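Quick notes on the structure that follows.
Numbering (our numbering), first residue to last: 80 to 765.
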């Protein structure tokens, strides 16, 4: 915004200084014609002219310099447009003068000076625009010496304005020396044409036309201004004559020379444009293949890029890519050729004993076009074929075709060979990246699932004067699906559940969340354990995919009647320690896991049980990870060891029993890196 405001200010200053120049120049001119002493200093118009030049100089410098998106042709268009506007206005003034004819007005010196000053202003604006544009072109791929030379040229031109600011006697040798230095430096700078090499064929033709018109505009304006200045100089010596202005003359020479040099260089570069564009296309296509692993979403996309870039690089008419997915499956990707045409050529070559991947150094390959020429109905007469290797294994063949015979030369063969090699690397990298991304996604999925699972398990369990509860859950490397929870229904009723969701990862965690929702919803309704299981099964069959299930055991502890009702749905049998008998036993009840039976007959597969509890009794709930834990020999921890541990720890608190059990598990397995989930709930009654 700041540069835009400054450029507007400079443009306003330019308009004001030109109006001031018009007023002062006409004033001195009238005084001279009427043989009167001028009311203003005769040097003032020259100073104002230089102020006008400086304002336009910096105006165009900021205007062109701030627009970073301008390309080379855009710059030439800007110069052309400025010259066109100046020329149209100048021609309009000539038309007005022509229509007025040979009258006293057209012969009036003030009228002619007005026309002259308008043309001078247009010419200076055109020169400044061209100067700013040429600077951008010359300093493309700049170097230190080039920057220093340009700075000398630019500063020298601005300093020369001081010499032209006052009406001092012209010192011929100084004037000539300064002008000569600027012309020589301008010629040296005009030799910098690196930007031309980056124009394509169409841009070069456009640039030639624009440069030609630029020179034409400049010559026309110079001719027009010279005719007016000649007439005015005969009437008065005090008018502002640009013909002796070093800055303007230096710019005229520089702009003209650079325009002509650019025109000639572009003209002579036209024959080599196609070669350069082809090489540039090869580089771009090679880059596309190299970057395809970062931008494309599938391996097929990499194949399509390979086909498209290879065809454009060697100007082929069509191509196919045959990929060997396995020993019996082949995929064909085509570009500007049908699958039928491709298979016709492949089968025809196989019929001539050209099988599999084609070796470019073999005699068979040299005769490929001869084999192709014998295929009736085919529009193609030349073929190049290259193997694609990934990790040293041939995964397919790239074939390019042309409609004319013997159209592929040695250079094209090298290009396609390079592309096929890079394609193999890109495909290999793509597969490695896909594998890495898949692993990262899997890790992230596990991380999310662990967070979900952790959030689903309660941090605080229901406690009561009749019992104490301690719970423990630890997942293996993969996220498990073990779930436990408690809920107080009323003053005397507490619901407990332990469950094991089949599967791993986020799916198991998701099903855990569903089980948690069902538990909290149904448990509050104070229904029988069997009815709980029936309704839970009915809800889950709409959520669980086939093959998934949830084993669970649901309890209702009634502290008023000292009873426990429960139902088991395919879960591990409850281990119950009776303090009175000082022994433990497993409750083996009928029950099928939730989600296994997907109809209303499920109620016949489940049963409800009830028993009394007494002080000192211990109820051990667990998942199969406890009993199926293995030692180094592959032996399981088993049910008997669990009974033995509980029998010997009956005097401990639930938390102590839990810690003792887990320590024995780690001691048995010989490692803390568990293979399955460990989950226990220890309930000890008071």
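Glycine is no exception: its CB is placed at the ideal position from the N, C-alpha and C atoms.
All values derive from a computational prediction rather than experimental measurement.
Look at the alpha carbon of residue 443 and the alpha carbon of residue 460, and state the distance between them as a whole number of angstroms. Low per-residue confidence applies at residue 443: pLDDT is 42, beneath 50, and the placement is therefore not dependable, though the value from the model is reported in the following sentence. Their backbone Cα atoms lie some 15 Å apart in a straight line.
Query raised in the report: Is there contact here, the region 645–660 with the region 583–602, by at least three beta-carbon pairs under 8 Å?
Result: no
task = Assign residue 41 to one of two classes, buried (16 or more other C-beta atoms within 10 Å of its C-beta) or exposed (fewer than that).
result = Lying before the first or after the last residue shown, residue 41 is absent from the chain, which here runs from 80 to 765.
Q. Do residue 564 and residue 598 come within 8 Å of each other at the CB atom, strictly closer than that value?
A. yes
Beta-carbon proximity check, residue 718 vs residue 616, cutoff 8 Å = no
- Which of helix, strand or coil DSSP assigns to residue 607: coil
Quick one: any contact between the region 686–695 and the region 631–647, if contact means 3 or more CB pairs under 8 Å? yes
Note to self: Below 8 Å, how does it come out for the region 253–271 and the region 126–135: are there three or more Cβ pairs, yes or no?
What the structure shows: no
Find the nearest neighbour of residue 458 within the set 103, 579, 645, 396, judged by alpha-carbon distance. 396
As assigned by DSSP and simplified to three states, the class of residue 659
coil
Query raised in the report: Does DSSP put residue 83 in a helix, a strand or coil?
Result: helix
- Message: Can you list, in chain order, the residues of its chain with a C-beta nearer than 7 Å to that of residue 441? Leave out the 5 residues immediately preceding and following it.
- Response: Reliability of the predicted coordinates at residue 441 is poor, the pLDDT of 38 falling under 50, and the value obtained from them is presented with this limitation in mind. Counting only Cβ-Cβ distances below 7 Å, and skipping sequence neighbours, we find nothing.
Can you give the Cα-Cα distance for residue 329 and residue 303, rounded to whole angstroms? 19 Å
For this session: Look up residue 255 in the DSSP assignment and give the residues it is bridged to.
Result: None, per the DSSP bridge assignment.
**Message:** Please report the straight-line C-alpha distance between residue 439 and residue 507, rounded to a whole angstrom.
**Reply:** Note that residue 439 has pLDDT 42, beneath the 50 cutoff, so the model's placement of it is unreliable and no number is given.
Counting pairs of Cβ atoms below 8 Å between the region 521–529 and the region 538–550, do you hit three or more? no
request  = Determine the burial state of residue 445: buried for a count of at least 16 other Cβ atoms within 10 Å of its Cβ, exposed for fewer.
outcome  = A caution first: residue 445 carries a pLDDT of 47, below 50, which makes its placement in the model too unreliable to give a value.
Which residues bound the alpha helix (DSSP H) around residue 424?
418–430
Discussion item. Considering just the uninterrupted stretch of the beta strand (DSSP E) at residue 675, what are its terminal residues?
Written reply: Per DSSP, residue 675 belongs to no beta strand (DSSP E) and is neither H nor E.
Considering only C-alpha positions, which residue in the set 430, 485, 503, 453 is nearest to residue 465?
503
Residues in the same chain with beta-carbon distance under 8 Å from residue 568, minus the five sequence neighbours each way, listed in chain order, please. 574, 602, 603, 605, 635
task = Keeping to the same chain, check which residues put their C-beta closer than 6 Å to that of residue 481; ignore five residues upstream and five downstream.
result = 395, 396, 461
Quiz item: Can you tell which of 253, 321, 277, 100 has its C-alpha closest to the C-alpha of residue 305?
Solution: 321
Mind reading off the beta-carbon distance from residue 24 to residue 721? Whole number of angstroms is fine, and I expect it under 8 Å. Residue 24 is absent from the structure shown; the chain starts at 80 and stops at 765.
Starting from the C-beta of residue 339, find all residues in its chain whose C-beta is less than 7 Å away, skip the five residues before and the five after it, and write them out in chain order. 294
Could you please give the first and the last residue of the uninterrupted beta strand (DSSP E) stretch that includes residue 772? The requested residue 772 is not part of the displayed model; the chain covers only 80 to 765.
Whole-number beta carbon distance between residue 608 and residue 687, since they are thought to touch under 8 Å
5 Å
Answer yes or no: do residue 451 and residue 424 have a C-beta to C-beta separation smaller than 8 Å?
yes
So, at 6 Å on beta carbons, what are the nonlocal neighbours of residue 213 in its own chain, with the 5 sequence-adjacent residues on each side left out? 337
Could you tell me the distance, in whole angstroms, from the CA atom of residue 417 to the CA atom of residue 152? 41 Å
Check the C-beta distance from residue 240 over to residue 188 and give it rounded, since I have them as a contact under 8 Å. The pair is not a contact, with the Cβ atoms about 27 Å apart (cut-off 8 Å).
**Report entry** Under the three-state DSSP convention, the category residue 620 falls into
**Finding:** coil
Query raised in the report: For the beta strand (DSSP E) that contains residue 564, what are its first and last residues?
Result: 561–567
Please classify residue 154 as buried or exposed, where buried requires at least 16 other C-beta atoms within 10 Å of its C-beta.
buried
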